[in-house]
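Data first, discussion second: the structure below is written as structure tokens.
Residue numbers (this note's numbering): 112 to 306.
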């Protein structure tokens, strides 16, 4: 191609400037400087390896500690527990709980308790001896609500109840009539009784 007057373009491969600068720096260093740099890098590597070994040991110790703590929580929860009702939190680690005996206690709250579930009037389990709050019971396990809620509808009619005619009439007037004949109360201009 040169014969006809055209010179071929030869693209020069450019190395990244960082590599060129490092090569230039290495060429500038004497053998003594290179040896010092090598020793420094070896010391840094040894230090990093020691740190890695320390972190691995620390991780093993923390895993063992976690297993021990989980076993301790299981042991605490396995003791017969006392039912209570959470009233209000004092801070992150303590709260006020009303027990089934009628007394209110300031209790310690286990760190494993989910604070989202811990709301006023929720049922909780307390450690028998220390009264520490160890568990939040699900709403369906709440004994006070299950006593109040009627699972079955009674099949008792007014005729089955002997005597108490005056009380039955008062119930009809106070409870049934406002529900069945709401318009009568409106005509008179009285708000019907509720509940």
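Quick reminder that beta carbons are idealized off the backbone N, C-alpha and C, glycines included.
As the structure is a prediction and not an experimental result, all values here were calculated from the model.
Here the region 211 to 218 makes no contact with the region 154 to 171; the two share fewer than three CB pairs at distances below 8 Å. Under the DSSP assignment, residue 299 falls in the alpha helix (DSSP H) whose first and last residues are 293 to 299. Setting aside the 5 residues that flank it on each side, residue 228 is surrounded in the same chain by 247, each with a C-beta closer than 7 Å to its C-beta; the list follows chain order. Residue 197 and residue 185 have their C-alpha atoms spaced approximately 21 Å apart.
The DSSP assignment places complete alpha helix (DSSP H) segments of no fewer than 4 residues inside the region 131 to 200 at 142 to 189, in order along the chain. Beta-bridge annotation (DSSP): residue 247 is paired with 235. Taking C-beta separations shorter than 7 Å and ignoring five residues to either side along the sequence, residue 147 has no partners in its chain. The C-alpha of residue 165 is placed about 10 Å away from the C-alpha of residue 171.
Take residue 293, set aside five residues on each side of it, and the residues of its chain with a beta-carbon closer than 7 Å to its own are 303, in chain order.
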